[in-house]
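Novice: I am attaching a structure below and will ask some questions about it afterwards.
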Amino acid sequence: MKELFRSNDPIRISRVLGLLDAEGIAAFELDQHMSILDGSIGILPRRVMVADRDEFVARAILKDLGLDD
Numbered sequence: 000m001k002e003l004f005r006s007n008d009p010i011r012i013s014r015v016l017g018l019l020d021a022e023g024i025a026a027f028e029l030d031q032h033m034s035i036l037d038g039s040i041g042i043l044p045r046r047v048m049v050a051d052r053d054e055f056v057a058r059a060i061l062k063d064l065g066l067d068d
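To convert, note that position 9 of the sequence shown is 8 in numbering that gives the first Met the number 0; the numbers rise steadily by one, no gaps.
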């Protein structure tokens with residue numbers, strides 16, 4: 000598994016997961032429940048992960064859409 004990006008923005012994460020799903024790329028979010036440990040203030044970033052074989056295509060999709068920070 001490869002980390003595609005980290006973010007504290009749940010809307011960005013949701014958008015990226017939806018876009019990748021529409022392209023047939025399985026992606027998932029790690030650390031989504033870590034906010035319990037930080038008091039639900041959202042300081043711990045969540046990670047979006049993809050399979051090794053999908054990383055190149057996923058990064059290209061994000062770059063084409065201007066979502067690659």
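Think of the CB as a built atom: it goes at the ideal place given N, C-alpha and C, for glycine as much as any other residue.
Cβ of R46 within 8 Å of Cβ of E2?
Specialist: As a first step, residue 46 must be located in the sequence shown, where it is residue number 47. As a first step, residue 2 must be located in the sequence shown, where it is residue number 3. Yes, Cβ-Cβ distance for R46 and E2 is below 8 Å.
Novice: I'd like the list of long-range same chain contacts for F27, defined as Cβ closer than 7 Å, with 5 residues on each side in sequence excluded.
Specialist: Residue mapping note: residue 27 aligns to position 28 of the sequence shown, counting from 1. M48, listed in sequence order.
Novice: Pull up the distance between the alpha-carbon of R14 and that of L61, whole angstroms please.
Specialist: Taking the sequence shown and counting its residues from 1, the one referred to as residue 14 is at position 15. Taking the sequence shown and counting its residues from 1, the one referred to as residue 61 is at position 62. Taking the straight line from one Cα to the other gives about 11 Å.
Novice: With H, G and I counted as helix, E and B as strand and the rest as coil, what does DSSP make of E54?
Specialist: The residue you call residue 54 lines up with position 55 of the sequence shown. Three-state DSSP puts E54 in a helix.
Novice: Tell whether a beta-carbon distance below 8 Å holds between L18 and D30.
Specialist: Against the sequence shown, residue 18 aligns to sequence position 19. Against the sequence shown, residue 30 aligns to sequence position 31. Not in contact: L18 and D30 (Cβ atoms no closer than 8 Å).
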